[in-house]
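Asker:
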Amino acid sequence: MAFRAAEYERYTGPRSKRPAWWPLLTATLQRGWSSRWVRRITWISLIQGFGLCVLAYVLNDVVPTWRELTERVGEMAGAEDEIKLDGRVYLWLLNMFVYPVLLPLALLFGYDLISKDLETNATEAYFARPITPASYLLGRTLAFVGFLLAATLGPMLMVWLADYATSEAEHFQEIAKVPLGITLALSFIAVVLALFVQAVSVLTKSGTWTNLIFVVIFLFGSAMASILYNMTDNLDMLSISLLHNVYVVCAYIMDELPQRQDYADPGVVFTVMSGIGIVSLMVLMRGLRRRSMLG
Amino acid sequence: MSAPIIALDGLLVRYGKFTALHGVDAIFQGGSLGLLGPNGAGKSTMLRSILGLVRPTAGTAQVLGVDARKSGTELRRRIGYMPERDAFIGGFSAVRGLAHLAEICGFPKDDAMLRAHDVLHFVGLGEERYREVSTFSTGMRQRYKLAAALVHDPEVLFLDEPTNGLDPQSRARMLGLIERITKDHGLHLVLASHLLHDVERLCQEVWVMEGGKMRLTGSISDLTAAARGARRVTIANDQGSAFHAAAEAAGFACAIDGDGRSFVVHHEDRVVGPDEIFQLAQSHQMVITSIRPAARSLEDAFLEVLEGE
Amino acid sequence: MSAPAIKTVGLSRWYGEVQGLAGLDVTIHHGVVGLLGPNGSGKSTLMRLLTGQIHASRGYVEIFGERMTPGHFKSFRVLGHAPGEDIHFENERACDFLLLLAKLGGESGSRAQDRVDKALDRIGMTPKASVRLREMSKGMRQRIKVAQAILFEPPLLLLDEPLNGMDPPSRRQTLDLVREYSSTERTVLLASHVLHEVDAITDHLIMLHHGRLLAEGQLSDIRNLIEQKPRRATIRGEGLTQIAAKLLNEDRLSGLTMEGDDCLHLDTRDLPKLLLELQQVGADGQIEALETDDQKLDAVYDMLVGGSAR
Numbered sequence: 003m004a005f006r007a008a009e010y011e012r013y014t015g016p017r018s019k020r021p022a023w024w025p026l027l028t029a030t031l032q033r034g035w036s037s038r039w040v041r042r043i044t045w046i047s048l049i050q051g052f053g054l055c056v057l058a059y060v061l062n063d064v065v066p067t068w069r070e071l072t073e074r075v076g077e078m079a080g081a082e083d084e085i086k087l088d089g090r091v092y093l094w095l096l097n098m099f100v101y102p103v104l105l106p107l108a109l110l111f112g113y114d115l116i117s118k119d120l121e122t123n124a125t126e127a128y129f130a131r132p133i134t135p136a137s138y139l140l141g142r143t144l145a146f147v148g149f150l151l152a153a154t155l156g157p158m159l160m161v162w163l164a165d166y167a168t169s170e171a172e173h174f175q176e177i178a179k180v181p182l183g184i185t186l187a188l189s190f191i192a193v194v195l196a197l198f199v200q201a202v203s204v205l206t207k208s209g210t211w212t213n214l215i216f217v218v219i220f221l222f223g224s225a226m227a228s229i230l231y232n233m234t235d236n237l238d239m240l241s242i243s244l245l246h247n248v249y250v251v252c253a254y255i256m257d258e259l260p261q262r263q264d265y266a267d268p269g270v271v272f273t274v275m276s277g278i279g280i281v282s283l284m285v286l287m288r289g290l291r292r293r294s295m296l297g
Numbered sequence: 036m037s038a039p040i041i042a043l044d045g046l047l048v049r050y051g052k053f054t055a056l057h058g059v060d061a062i063f064q065g066g067s068l069g070l071l072g073p074n075g076a077g078k079s080t081m082l083r084s085i086l087g088l089v090r091p092t093a094g095t096a097q098v099l100g101v102d103a104r105k106s107g108t109e110l111r112r113r114i115g116y117m118p119e120r121d122a123f124i125g126g127f128s129a130v131r132g133l134a135h136l137a138e139i140c141g142f143p144k145d146d147a148m149l150r151a152h153d154v155l156h157f158v159g160l161g162e163e164r165y166r167e168v169s170t171f172s173t174g175m176r177q178r179y180k181l182a183a184a185l186v187h188d189p190e191v192l193f194l195d196e197p198t199n200g201l202d203p204q205s206r207a208r209m210l211g212l213i214e215r216i217t218k219d220h221g222l223h224l225v226l227a228s229h230l231l232h233d234v235e236r237l238c239q240e241v242w243v244m245e246g247g248k249m250r251l252t253g254s255i256s257d258l259t260a261a262a263r264g265a266r267r268v269t270i271a272n273d274q275g276s277a278f279h280a281a282a283e284a285a286g287f288a289c290a291i292d293g294d295g296r297s298f299v300v301h302h303e304d305r306v307v308g309p310d311e312i313f314q315l316a317q318s319h320q321m322v323i324t325s326i327r328p329a330a331r332s333l334e335d336a337f338l339e340v341l342e343g344e
Numbered sequence: 258m259s260a261p262a263i264k265t266v267g268l269s270r271w272y273g274e275v276q277g278l279a280g281l282d283v284t285i286h287h288g289v290v291g292l293l294g295p296n297g298s299g300k301s302t303l304m305r306l307l308t309g310q311i312h313a314s315r316g317y318v319e320i321f322g323e324r325m326t327p328g329h330f331k332s333f334r335v336l337g338h339a340p341g342e343d344i345h346f347e348n349e350r351a352c353d354f355l356l357l358l359a360k361l362g363g364e365s366g367s368r369a370q371d372r373v374d375k376a377l378d379r380i381g382m383t384p385k386a387s388v389r390l391r392e393m394s395k396g397m398r399q400r401i402k403v404a405q406a407i408l409f410e411p412p413l414l415l416l417d418e419p420l421n422g423m424d425p426p427s428r429r430q431t432l433d434l435v436r437e438y439s440s441t442e443r444t445v446l447l448a449s450h451v452l453h454e455v456d457a458i459t460d461h462l463i464m465l466h467h468g469r470l471l472a473e474g475q476l477s478d479i480r481n482l483i484e485q486k487p488r489r490a491t492i493r494g495e496g497l498t499q500i501a502a503k504l505l506n507e508d509r510l511s512g513l514t515m516e517g518d519d520c521l522h523l524d525t526r527d528l529p530k531l532l533l534e535l536q537q538v539g540a541d542g543q544i545e546a547l548e549t550d551d552q553k554l555d556a557v558y559d560m561l562v563g564g565s566a567r
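Residue numbers (the working numbering), protein chains in the order written: chain A, 3 to 297; chain B, 36 to 344; chain C, 258 to 567.
So, in structure tokens, the structure goes:
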């Protein structure tokens with residue numbers, strides 16, 4: 003036991019004027035990573051990507067002409083589109099790395115971080131300090147986007163690197179545009195999604211409701227989209243479905259949008275997604291500014 | 036002469052049609068200030084203005100010499116705020132959360148953690164610091180909030196109901212901690228509390244607000260000055276009524292205080308001497324168990340101000 | 258003689274291994290009784306047992322002679338309770354909430370409304386009757402809790418930390434209400450942490466600590482029972498060194514401490530005799546102020562519960 007009472011001391015160390023969103027970013031990354039399921043989903047995604055890399059290498063060793071062989075098999079089997087192992091493969095990979103990951107990760111974040119902060123009244127602790135609502139939002143959104151990209155973009159880039167390393171000049175041309183395209187596309191989607199989930203949570207002030215609403219919009223939206231399309235014969239109705247929009251955005255930016263016309267006009271899709279993003283941003287800034295006034 | 040800690044000049048704050056602050060003027064040079072007022076008086080709006088979180092409709096709020104609205108972010112490095120409600124970072128242990136808040140204020144990572152530990156030690160939180168704040172009892176939460184207000188080594192402390200929900204020992208401990216910080220280290224204090232006893236103990240001056248206006252500013256000692264030489268007297272056993280009769284017969288005015296065994300004795304024309312009271316008691320075979328100058332309590336002064344409207 | 262308002266006999270309650278209350282025996286007649294004790298001392302357990310919200314593990318409690326157990330609803334009109342927990346009827350307006358409770362208590366129609374109006378008037382919230390609970394500050398909610406407790410003017414009122422969060426005018430009003438209530442042969446049991454407020458309205462106390470009864474009775478009687486510590490009288494004045502010298506020879510004094518030039522603490526095991534001595538000293542004009550240690554509840558509380566680092 004101490005023989006003297008605990009003393010209060012003034013601080014004489016360094017203080018920096020570094021922007022406050024940076025420590026917020028690192029702290030949110032830490033908190034996110036401490037969630038078991040976030041870790042699991044991310045690792046599973048990356049391991050799958052790694053697995054595909056290994057497969058590409060092995061095939062390259064064993065059957066160097068595996069790409070041409072696959073394409074010929076496709077022709078012979080009478081597939082509708084020609085099976086070409088070019089950039090379109092990556093669109094197909096969305097099924098593996100993006101669709102299954104987006105919803106669960108968004109839900110986990112919605113619950114773990116946002117609703118926890120609402121429960122613990124964390125904004126009152128933050129805004130009494132030198133951090134602005136914009137800074138707070140930036141730090142949190144970047145962390146959220148970081149996690150989304152790690153589990154989606156990460157494995158896809160890994161696969162592309164393997165693809166590139168095992169390809170010849172001609173094949174390389176076909177896939178050259180992919181990394182930039184997929185990075186831009188997924189970043190755009192991740193930002194919109196991150197803002198959207200946060201905005202819903204600010205409005206509903208509850209983690210459970212946020213998740214519920216998000217699941218409804220995600221799954222229900224997909225179902226409603228095709229129903230409405232069938233009813234109205236208007237392709238643009240499909241842009242209600244978030245999954246559909248993810249596909250179109252990626253395809254369009256990678257310049258691989260198929261010729262057939264069963265997708266909504268890219269212009270509409272981009273407008274819808276940007277619209278969601280901008281409205282979410284506005285809702286967030288207003289909501290956070292109100293909270294920054296300390297109850 | 037250094038700048039006053041807080042200088043409000045015609046501070047007017049309107050939210051839509053509702054006026055929260057009606058052009059308030061006040062100056063707090065430094066030391067310890069009690070901020071009093073009924074609920075809805077405008078204290079939270081005043082606090083928000085001082086922290087630079089709300090734009091004044093008119094007038095200015097200058098804190099530590101700078102405009103609060105323009106330099107709000109910088110100011111909040113130098114001000115420590117202890118909110119009334121619980122506010123903490125979930126998912127982190129108490130100490131990690133506190134270090135994080137210090138980092139937000141510009142502390143390098145390691146210094147932030149060291150500082151968090153030091154401050155938690157000061158407020159008396161031991162092993163529990165490795166748990167989440169959500170598992171803390173009320174007493175621990177209040178201490179954690181005080182630590183959070185201190186972690187970035189501010190110059191001014193804003194405490195909102197720091198002893199809320201604390202049992203008598205914890206209250207005494209909390210007041211002791213606050214006293215040490217303000218008296219030994221010269222931190223300036225603004226204390227918003229309904230417990231005027233706490234305010235009397237910790238502060239030298241008060242601002243009394245009501246309906247968005249400043250009703251009164253002044254030093255506590257002026258406000259509670261002894262009421263015209265009266266004495267508060269307690270009589271042993273059941274001799275209360277006898278004493279009352281005797282005092283009145285001797286020409287004093289004797290008012291019953293509280294439960295009937297204490298009296299406030301005063302004389303119209305002069306100061307009442309304690310020896311007179313003792314002599315009076317002796318001559319009637321009564322025993323005085325306590326006697327002291329009848330100072331007006333801060334609570335009386337406060338209520339008088341409010342009723343005077 | 259009519260049955261006491263509250264009588265507990267060997268009242269105990271434990272939660273698994275944790276002991277909430279252990280063998281409590283108290284009897285309360287009319288007046289205001291302060292219920293004191295640190296957090297975790299059993300105050301809320303006692304309140305819940307008194308209102309019949311939980312079963313006793315052992316022993317029993319009688320309210321006006323009737324055993325109180327969960328399911329025993331007769332006592333709605335006999336017992337008013339202002340709990341420590343929050344009201345959760347957020348969307349209700351104050352008047353509607355109180356009206357609901359009045360009806361639940363068995364009153365109907367205009368008589369229920371009368372009771373509500375009267376209760377609102379007594380707590381001074383008539384102009385705020387139509388405000389919804391979620392828009393109320395903590396202090397206002399506390400007053401609504403008191404209002405619902407006094408709806409039926411019950412002869413027994415249990416108030417659990419009612420002043421928490423109230424601003425000074427409301428505190429004073431509530432304490433006046435309590436004082437006025439108890440002056441008509443009714444009973445108020447007031448649990449509070451704010452000692453000087455309990456001090457101001459009553460001398461009759463029940464102190465709990467670690468689930469047990471620590472002390473019960475009048476403040477001065479309790480003080481007398483604390484034998485380990487000698488009684489202390491403090492005098493202020495000038496020229497106290499002479500008085501100190503004179504009193505030093507008294508064998509009744511067990512201790513004498515000077516604090517500065519103008520303050521003298523005298524410790525003794527025979528306070529009444531010492532006070533008699535001091536009357537003459539006072540009559541001679543040497544005492545400016547005098548105080549004994551049974552006037553202050555927080556000093557006694559400290560002695561009993563102890564250990565707070567002042």
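From the three backbone atoms N, C-alpha and C, an ideal C-beta is built for every residue, glycine too.
Name the DSSP beta bridge partners of C/G362, please?
Answerer: For the purposes of this step, residue 362 of chain C is identified with residue 105 of the third sequence, where counting begins at 1. Looking at the DSSP assignment, C/G362 forms no beta bridge with any residue, so it has no partner.
Asker: Which partner residues does B/V59 have in the DSSP bridge list?
Answerer: On the second sequence, residue 59 of chain B is found 24 positions in, with the first residue counted as 1. For B/V59, which the question treats as bridged, DSSP gives the partners B/L46.
Asker: Using 10 angstroms around the beta-carbon of C/D550, count the other beta-carbons present and answer buried if the total reaches 16, otherwise exposed.
Answerer: Within the third sequence, numbered from 1, the residue matching residue 550 of chain C stands at position 293. With 16 or more other Cβ atoms within 10 Å, it is buried.
Asker: Do C/A540 and B/R327 count as a contact pair if the criterion is CB distance below 8 angstroms?
Answerer: As a first step, residue 327 of chain B must be located in the second sequence, where it is residue number 292. As a first step, residue 540 of chain C must be located in the third sequence, where it is residue number 283. Not a contact, by the Cβ cut-off of 8 angstroms.
Asker: Assuming A/S189 and A/L151 form a contact by the criterion Cβ under 8 angstroms, report the distance between their Cβ atoms to the nearest whole angstrom.
Answerer: Reading the first sequence from its first residue, position 187 is the one you call residue 189 of chain A. Reading the first sequence from its first residue, position 149 is the one you call residue 151 of chain A. Contact holds; Cβ gap of about 7 angstroms.
Asker: Output needed for B/T173: all residues of its chain with C-beta closer than 6 angstroms, excluding positions within five of it in sequence on either side, in chain order.
Answerer: Walking along the second sequence from the start, residue 173 of chain B turns up at place 138. If we look at B/T173 and ignore the five residues flanking it on each side, its Cβ neighbours are G200.
Asker: Please state the DSSP three-state secondary structure of A/Q50.
Answerer: Position 48 of the first sequence, counted from the start, is the residue given in the question as residue 50 of chain A. Three-state DSSP puts A/Q50 in a helix.
Asker: At which residues does the alpha helix (DSSP H) containing C/A546 begin and terminate?
Answerer: Translated into the one-based positions of the third sequence, residue 546 of chain C becomes position 289. It is not in any alpha helix (DSSP H) - C/A546 instead sits in the beta strand (DSSP E) that spans A546 to T549.
Asker: With 16 as the cutoff for other CB atoms within 10 Å, does B/H223 come out buried or exposed?
Answerer: Walking along the second sequence from the start, residue 223 of chain B turns up at place 188. Buried is the call here.
Asker: Which residues in the same chain have their Cβ closer than 7 angstroms to the Cβ of C/R270, if we skip the five residues on either side of it in sequence?
Answerer: Mapped onto the third sequence, residue 270 of chain C falls at position 13. Hits under 7 angstroms: G277, L278, T302, L306, I311, A313 and S314.
Asker: Runs of 3 residues minimum, wholly inside the segment 129-211 of chain B: which ones carry the beta strand (DSSP E) assignment?
Answerer: Runs of the beta strand (DSSP E) inside the segment 129-211 of chain B: 191-195.
Asker: Does the segment 49-60 of chain B come close enough to the segment 112-123 of chain B to have 3 or more Cβ pairs within less than 8 angstroms?
Answerer: Result no; under three Cβ-Cβ pairs closer than 8 angstroms.
Asker: Indicate whether B/L136 and B/V191 have their beta-carbon atoms separated by less than 8 angstroms.
Answerer: If you number the second sequence from 1, residue 136 of chain B lands on position 101. If you number the second sequence from 1, residue 191 of chain B lands on position 156. Result no, Cβ atoms of B/L136 and B/V191 do not sit closer than 8 angstroms.
Asker: With distance defined between alpha-carbon atoms, name the residue in B/F337, B/I139 and B/S205 nearest to C/Y558.
Answerer: Within the third sequence, numbered from 1, the residue matching residue 558 of chain C stands at position 301. Closest by alpha carbon: B/S205.
Asker: What separation, rounded to the nearest whole angstrom, lies between the Cα atoms of C/E454 and C/P419?
Answerer: Within the third sequence, numbered from 1, the residue matching residue 454 of chain C stands at position 197. Within the third sequence, numbered from 1, the residue matching residue 419 of chain C stands at position 162. Taking the straight line from one Cα to the other gives about 11 angstroms.
Asker: Looking at the C-beta of B/G200, does it have a partner C-beta in chain C at a distance below 8 angstroms?
Answerer: By 1-based counting over the second sequence, the position of residue 200 of chain B is 165. So yes, B/G200 belongs to the interface.
Asker: Can you name the residues of chain C whose CB is closer than 8 angstroms to the CB of B/H347?
Answerer: Since the displayed chain B opens at 36 and closes at 344, residue 347 of chain B lies outside it and no answer follows.
Asker: Going along the chain, which unbroken runs of the alpha helix (DSSP H) with 4 or more residues stay wholly within the segment 439-485 of chain C?
Answerer: Counting whole runs of 4 or more residues, the segment 439-485 of chain C contains the alpha helix (DSSP H) stretches 452-458 and 476-482.
Asker: Can you name, in chain order, every residue of its own chain whose Cβ lies under 8 angstroms from the Cβ of A/V304, other than the five neighbours on each side?
Answerer: What is shown of chain A runs 3 to 297, which leaves residue 304 of chain A out entirely.
Asker: Would you mind stating whether A/V91 and A/I43 have Cβ atoms separated by less than 8 angstroms?
Answerer: The sequence position of residue 91 of chain A within the first sequence is 89, counting from 1. The sequence position of residue 43 of chain A within the first sequence is 41, counting from 1. Taking 8 angstroms as the Cβ cut-off, A/V91 and A/I43 do not qualify as a contacting pair.
Asker: Can you grab the Cα-Cα spacing for the pair A/M78 / A/L93, in whole Å?
Answerer: In the first sequence, counting from the first residue as 1, residue 78 of chain A sits at position 76. In the first sequence, counting from the first residue as 1, residue 93 of chain A sits at position 91. The alpha-carbon atoms of A/M78 and A/L93 are separated by roughly 23 angstroms.
Asker: Look at the Cβ atom of C/P295, then the Cβ atom of B/D202, and state whether they are nearer than 8 angstroms.
Answerer: As a first step, residue 295 of chain C must be located in the third sequence, where it is residue number 38. As a first step, residue 202 of chain B must be located in the second sequence, where it is residue number 167. Yes, Cβ-Cβ distance for C/P295 and B/D202 is below 8 angstroms.
Asker: Does C/H450 pass the burial test, meaning 16 or more other C-beta atoms within 10 Å, or should it be called exposed?
Answerer: Within the third sequence, residue 450 of chain C is the residue found at index 193, counting from 1. It is buried - the Cβ of C/H450 has at least 16 other Cβ atoms within 10 Å.
Asker: Distance check for C/D417 and C/R368, CA to CA, integer angstroms please.
Answerer: Here residue 368 of chain C refers to the residue found at position 111 when the third sequence is read from its first residue. Here residue 417 of chain C refers to the residue found at position 160 when the third sequence is read from its first residue. Rounded to the nearest angstrom, the two C-alpha atoms are 28 angstroms apart.
Asker: With DSSP run on the structure shown, which of helix, strand or coil describes C/A566?
Answerer: Here the question's residue 566 of chain C lines up with position 309 in the third sequence. Unreliable placement is indicated for C/A566, whose pLDDT of 32 sits below 50; the coordinate value is still reported in the next sentence. In this structure, C/A566 counts as coil in the three-state DSSP scheme.
Asker: Step through the CB atoms of chain B and report whether any lies within less than 8 angstroms of the CB of A/T122.
Answerer: By one-based count along the first sequence, residue 122 of chain A stands at place 120. For A/T122, the answer is yes, since a Cβ of chain B falls inside 8 angstroms of its Cβ.
Asker: Are any of the Cβ atoms in chain B nearer than 8 angstroms to that of C/T302?
Answerer: The residue given as residue 302 of chain C occupies position 45 in the third sequence. Closer than 8 angstroms: no.
Asker: Using a Cβ-Cβ cut-off of 8 angstroms (strictly less than) and excluding sequence neighbours within five positions of C/R526, which residues of its own chain qualify?
Answerer: Here residue 526 of chain C is taken as the residue at index 269 of the third sequence, counted from 1. Excluding residues within five positions, the ones whose Cβ falls inside 8 angstroms are P487, R488, R509 and S511.
Asker: Whose Cβ in chain A lies nearer than 8 angstroms to the Cβ of B/H220?
Answerer: For the purposes of this step, residue 220 of chain B is taken as the residue at position 185 of the second sequence. Within chain A, the residues near B/H220 are Y10 and R12.
Asker: Note down, in chain order, every chain A residue with its Cβ under 9 angstroms from the Cβ of B/D273.
Answerer: Here residue 273 of chain B refers to the residue found at position 238 of the second sequence. Within chain A, no residue comes near B/D273; the closest Cβ sits about 45 angstroms away, beyond 9 angstroms.
Asker: Against chain C, which members of the segment 116-147 of chain B pass a CB distance test of less than 8 angstroms?
Answerer: Per Cβ criterion, the list is empty.
Asker: For the segment 264-275 of chain A and the segment 67-74 of chain B, state whether three or more C-beta atom pairs, one from each stretch, are separated by less than 8 angstroms.
Answerer: Judged by Cβ distances under 8 angstroms, the segment 264-275 of chain A makes no contact with the segment 67-74 of chain B, as fewer than three pairs qualify.
Asker: Can you tell me whether DSSP reads A/Q200 as helix, strand or coil?
Answerer: To locate residue 200 of chain A, count along the first sequence from 1; it is residue 198. The answer is helix: DSSP assigns A/Q200 an H, G or I state.
Asker: When you compare only the Cα positions, how much space is there between C/F346 and C/R400?
Answerer: Here residue 346 of chain C refers to the residue found at position 89 of the third sequence. Here residue 400 of chain C refers to the residue found at position 143 of the third sequence. Near 15 angstroms, if we compare the C-alpha coordinates of C/R400 and C/F346.
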